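In what follows, a structure is listed as structure tokens, so that the remarks can point back to it.
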Amino acid sequence: MRYRAPGRVNLIGEHTDYNDGFVMPVAIDRDTTVAMTPRDDGLLVVRSAAYPDVVTIDLDRPGHGPKGAWSEYVRGVAAVLERQGWRLKGADMTITTDVPMSAGLSSSAALEVAVGYGLLDQAGHAIDRTRLALACQAAEHEFAGTRCGVMDQFIACHGRAGHALMLDTRTLDMAWLPVPPGIAVIVCNTMTKHVLATDGYNERRADCEAGVRALAIRLPGIRALRDVTLDDLEANRDVLPDRVFRRCRHVVTENARVKAAAEALQAGDLDAVGELMRASHASTRDDFEISTPEVDVMVDSALHADGTIGARMTGGGFGGCTVNLVRTDQAVPFAAGVRARYEAATGRVPEIYTCVASDGAGRSDP
Ligand code: GLA
0 MRYRAPGRVN LIGEHTDYND GFVMPVAIDR DTTVAMTPRD DGLLVVRSAA YPDVVTIDLD
60 RPGHGPKGAW SEYVRGVAAV LERQGWRLKG ADMTITTDVP MSAGLSSSAA LEVAVGYGLL
120 DQAGHAIDRT RLALACQAAE HEFAGTRCGV MDQFIACHGR AGHALMLDTR TLDMAWLPVP
180 PGIAVIVCNT MTKHVLATDG YNERRADCEA GVRALAIRLP GIRALRDVTL DDLEANRDVL
240 PDRVFRRCRH VVTENARVKA AAEALQAGDL DAVGELMRAS HASTRDDFEI STPEVDVMVD
300 SALHADGTIG ARMTGGGFGG CTVNLVRTDQ AVPFAAGVRA RYEAATGRVP EIYTCVASDG
360 AGRSDP
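No gaps in the numbering here: position 253 of the sequence shown is 252 in numbering that gives the first Met the number 0, and each next residue is one more.
Here's what the structure looks like:
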């Protein structure tokens, strides 16, 4: 049996998910696939087309492997699911993917969710997509060392063809918003490395948490930046170091932008969506400081290209991709314009993917 889970691109709502905030990802038509053949010895024997090593994981004693190894995602998901009470079965597993890796398109969540879905299905368990997403997030925390939010695993589980997912990461309320007709979601890859598991991501999260601790002395009702308004934040600026203030301002304003973008998308007000994406990019660049020169050039190139509605960095930051909403009938000149401008400015050849909003994880056709 084969199982698949998609990568994702986030339209708006960056670094809001671990602050109990709002996100708006789209599952893309690029998948990680796991082919599984049952074994009766309780072992997972795992191969990946992308790496030469073959890794054996004992479901009774999953342990830990080398830090940073690709197989830690597989081991982590198996270990967390077992610990949560799902008895799993051994299998030979072969992993393939066309999700670009280290590009901010959630290749790791696609791997986790494809593996988790397959392990549960193969053992005869009904799939609860939300519990699967949360188990995969826990695996990422424990086995990859990234204190990620739940967005990536959630969209890999709950993606819906033709739709973006508006997710409240506190209540886990979900609304699927149709991608408007005539609009393409185009991802531009700077081909510069995104190092999610490194300190930058966890440092941003720590800054946000430090902000909440300091603000809670004045605002005792708050649990997360989700609960803080911009007025509250500004009125209490004196309790925050400047860097922490700016990190918090990004999150607080970004939450407001996601909600406004959801309304604008539903109202068909694409100019407003574009303006919100532009403001989001400026905030991630200036307040959250997770953009890079290449990413800024890519956004700027899009804003000069034909057919652009909105453009911004997407994902954890520190390189990787931008997300662009583009009029479908201008997708070809858009790509040509962005490519030429980015290449002239950076000397790098970008990759450009026109994406189709796709379904979340499932069995895959043979
Ligand atoms: C990574 C994390 C997500 C989210 C984004 C930033 O993709 O895995 O949980 O925090 O970064 O929005």
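Glycine included, every Cβ here is placed at the ideal spot set by N, Cα and C. Computed from a prediction, not measured in an experiment: that's the story for all the values here.
Own chain partners of residue i with C-beta closer than 7 Å, once the 5 adjacent residues on each side are dropped
{"i": "R367", "result": "Since the first residue of the chain shown is 0 and the last is 365, residue 367 is not available in this structure."}
{"i": "S363", "result": "R1, Y2, R3 and T32"}
{"i": "S282", "result": "H249, T252 and E253"}
{"i": "P177", "result": "G161 and H162"}
{"i": "R236", "result": "F244"}
{"i": "Q265", "result": "L176"}
{"i": "A223", "result": "N18, D19 and V211"}
Where the alpha helix (DSSP H) through residue i begins and ends
{"i": "V189", "result": "The sequence shown places Thr at residue 189, rather than the Val named in the question. Premise fails: T189 is in no alpha helix (DSSP H) and is neither H nor E."}
{"i": "S56", "result": "The residue asked about is misnamed: residue 56 is Ile in this sequence, not Ser. Per DSSP, I56 belongs to no alpha helix (DSSP H); it is in the beta strand (DSSP E), Y50 to D57."}
{"i": "E350", "result": "Looking at the DSSP string, E350 is not in any alpha helix (DSSP H); the run it does join, the beta strand (DSSP E), is E350 to C354."}
{"i": "S279", "result": "L269 to D285"}
{"i": "L302", "result": "P292 to L302"}
{"i": "E233", "result": "L229 to A234"}
Residue i - DSSP class collapsed to helix/strand/coil
{"i": "G309", "result": "strand"}
{"i": "C247", "result": "helix"}
{"i": "F142", "result": "helix"}
{"i": "S101", "result": "coil"}
{"i": "S106", "result": "helix"}
{"i": "M0", "result": "coil"}
{"i": "P177", "result": "strand"}
{"i": "G336", "result": "helix"}
{"i": "T129", "result": "helix"}
{"i": "N9", "result": "strand"}
{"i": "C156", "result": "helix"}
{"i": "V79", "result": "helix"}
{"i": "V149", "result": "coil"}
{"i": "A330", "result": "helix"}
{"i": "A122", "result": "coil"}
{"i": "A68", "result": "coil"}
{"i": "A223", "result": "coil"}
Contacting residues, own chain, Cβ-Cβ under 6 Å from residue i (five flanking each side not counted)
{"i": "D206", "result": "V243 and R246"}
{"i": "I94", "result": "V33 and S47"}
{"i": "Y50", "result": "W69"}
{"i": "M100", "result": "S106"}
{"i": "A301", "result": "T307, A310, N323 and V337"}
{"i": "P61", "result": "R74, A77 and A78"}
{"i": "I185", "result": "N323, V325 and T353"}
{"i": "V54", "result": "V45 and S70"}
{"i": "G316", "result": "I289"}
{"i": "L110", "result": "T31 and Y72"}
Distance CB(residue i)-CB(residue j) smaller than 8 Å
{"i": "L171", "j": "L119", "result": "no"}
{"i": "V73", "j": "V45", "result": "yes"}
{"i": "M389", "j": "A90", "result": "What the structure shows of the chain is the stretch from 0 to 365, and residue 389 is not part of that stretch, so it cannot be assessed."}
{"i": "P5", "j": "D39", "result": "no"}
{"i": "A255", "j": "V272", "result": "no"}
{"i": "R146", "j": "N201", "result": "yes"}
{"i": "G367", "j": "A155", "result": "Summary: the structure shown does not reach residue 367, with the chain confined to residues 0 through 365, and so no result is reported for it."}
{"i": "R7", "j": "D127", "result": "no"}
{"i": "G319", "j": "G103", "result": "yes"}
{"i": "A296", "j": "A344", "result": "Looking at the sequence shown, residue 296 is not Ala but Val. Yes, these two residues count as a Cβ contact at 8 Å."}
{"i": "A122", "j": "L87", "result": "yes"}
{"i": "T291", "j": "T191", "result": "yes"}
{"i": "M312", "j": "V325", "result": "no"}
{"i": "T168", "j": "V22", "result": "yes"}
{"i": "R204", "j": "Y17", "result": "yes"}
{"i": "S357", "j": "D97", "result": "no"}
{"i": "G115", "j": "A134", "result": "yes"}
{"i": "I11", "j": "M276", "result": "yes"}
{"i": "P179", "j": "L58", "result": "no"}
{"i": "A330", "j": "A183", "result": "yes"}
{"i": "V25", "j": "T189", "result": "no"}
{"i": "W85", "j": "H124", "result": "yes"}
The beta strand (DSSP E) enclosing residue i, as first and last residue numbers
{"i": "H162", "result": "H162 to D167"}
{"i": "N201", "result": "Careful: N201 lies outside any beta strand (DSSP E), inside the alpha helix (DSSP H) at D198 to R217."}
{"i": "I94", "result": "A90 to T96"}
{"i": "M35", "result": "P24 to P37"}
{"i": "R46", "result": "L42 to S47"}
{"i": "G361", "result": "G361 to S363"}
{"i": "V322", "result": "C320 to R326"}
Neighbourhood of residue i by C-beta, 8 Å cutoff - its chain only, sequence neighbours within 5 removed
{"i": "D328", "result": "G181 and G306"}
{"i": "E342", "result": "V348 and P349"}
{"i": "I216", "result": "V238"}
{"i": "G267", "result": "P179"}
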